[in-house]
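Structure record follows, encoded as structure tokens.
2 protein chains.
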Amino acid sequence: MGTNVVTPFKHADHDHEHCVDDALNRAERQCRDNGVRLTAIRRRVLELIWRRHEPMKAYDLLDMLRSERRSAAPPTVYRALDFLLEEGLVHRIESLNAFVGCGDPKQPHVGQFLICQHCNAVAELNDGDVYRVLSNKAAELGFQVNSQTIEINGICPACRQATQAADSLESPPNGG
Amino acid sequence: MGTNVVTPFKHADHDHEHCVDDALNRAERQCRDNGVRLTAIRRRVLELIWRRHEPMKAYDLLDMLRSERRSAAPPTVYRALDFLLEEGLVHRIESLNAFVGCGDPKQPHVGQFLICQHCNAVAELNDGDVYRVLSNKAAELGFQVNSQTIEINGICPACRQATQAADSLESPPNGG
DNA sequence: GCAGCCATGTTATAGTATTGCAGAGACTGA
DNA sequence: TCAGTCTCTGCAATACTATAACATGGCTGC
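Listed in order, the protein sequences are those of chains A and B.
Under the working numbering, the first residue of the first sequence is numbered 1, with each subsequent residue one higher.
Under the working numbering, the first residue of the second sequence is numbered 1, with each subsequent residue one higher.
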């Protein structure tokens, strides 16, 4: 009955090469199934997003893209992002004006995000309880839900540990 | 045990003059209590936001402000908004890049919004259940919550009624 | 080939937000 | 009252985010 984690926090020791490849393979497959084209640009933008494995800004993506494709301009990256959003391959984080890869583009996903303010890592949840509670509250008020934007800011487990360790070094209870 | 509605949807028949005055009085009182200054500009921006009673864009506020204060520039309105956000007198709707008045600035408010895509009306909730469910899910994953951005898009009760009425006129079951 | 469609190139512009510095105004304590 | 200090505002410039509009090119099916 645990929480459904679509995309976990990036762990320092996870096989990142593999994780990027997986995401691209999933994307290839899904686009083929849906009869849409994962063109070179679109694929590259998706790869750039997954490679950093954290929320990416459109203009940062543009800079990267430009270094390898002189003709890249804002519409280039925004069009690619629009496509990827449409296909559910990425999500937009409203509170950051940034984009993250989706770990499970196939299933319907409302996009519930935990965002670390310290290291920028993002985890995506798709939790039925959260969805239901919100939907029920809305229904109580006669409101018809179309989409939900849920973005939780805070500190991820890794940064909490790191911070606590640092704190105990910097200001020991009886130190001086 | 109902849902705690901080700011309900604006009803066509509510006493809007009174509602704006209330908001300004609350703001005056709170700023006095907190030892901060609700200057003319800040007060005016807050009033402009409440007067429309829907999410207001910074540059729309700027246009209004400029019509009565030649010197108004982007920093003028953004500084006022920063102050009002700080004091909890307004909230920022991330998904709209817009600002709404807060119906209850005193109590801690996480900001849970129902946003009508049809008429732009916004209701603010402060629902313990929603907060708890999200906090618990985060805690399960070792995530320390700092702030929550919750924005639900959909159709408000009034627009649902209006739409249904219009639909039944436009496309009656056996009509031509 | 070529007609139609989709993706991309290109230029321009719209919309959102911040920086940095200078000057004006309000509080504080002598 | 006055100087010192702090906050607020004026002002100009710029950074950042996103879209519009039209031209070009390339694939697909015939």
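Yeah, the Cβ is synthetic: ideal placement off N, Cα and C, and Gly gets one too.
In this text the structure is predicted, and so the values were computed from the model without any measurement.
The CB of residue 98 of chain B never comes closer than 9 Å to any CB in chain A; the least such distance is about 12 Å. Membership of residue 98 of chain A in the beta strand (DSSP E) is indicated by the continuous run 98 to 101.
Listed in chain order, the non-local C-beta contacts of residue 110 of chain B below 6 Å within the same chain comprise 131 and 148, local neighbours out to five positions each way being set aside.
Shortest Cα-Cα distance from residue 6 of chain A to any of A:100, A:35 and A:45 involves A:100. Residue environment for residue 10 of chain B: buried (at least 16 other C-beta atoms within 10 angstroms of its C-beta). Sequence-ordered contacts of the region 130 to 156 of chain B with chain A read 130, 133, 134, 137, 138, 140, 141, 142, 143, 144, 145, 146, 147, 148, 149, 150, 151, 152, 153, 154, 155 and 156 [C-beta pairs closer than 7 Å]. Under a criterion of Cβ atoms nearer than 8 Å, the residues of chain B adjacent to residue 123 of chain A are, in order, 141 and 143. Only buried fits residue 126 of chain A, as 16 or more other CB atoms lie within 10 angstroms of its CB.
Shown here, residue 9 of chain B sits in coil according to DSSP, grouped into three states, outside any helix or strand. The shortest C-alpha to C-alpha distance from residue 154 of chain B to any of B:115, B:145 and B:129 is the one to B:115. Membership of residue 125 of chain A in the beta strand (DSSP E) is indicated by the continuous run 122 to 125. Interface with chain A (8 Å Cβ-Cβ cutoff): residue 82 of chain B is excluded.
Closer than 8 Å to the CB of residue 85 of chain B there is not a single CB belonging to chain A.
Proximity of residue 71 of chain A to chain B, defined by a Cβ-Cβ separation below 8 Å, is not satisfied. Here the alpha carbon of residue 16 of chain B sits roughly 31 Å from the alpha carbon of residue 150 of chain A. Runs of the alpha helix (DSSP H) spanning 4 or more residues and lying entirely within the region 33 to 110 of chain A occur at 40 to 52, 58 to 66 and 74 to 86, in chain order.
For residue 127 of chain A, the residues of chain B that pass the 7 Å Cβ criterion are 137, in the order they occur in the chain. Here the alpha carbons of residue 118 of chain A and residue 163 of chain A stand approximately 10 Å from one another.
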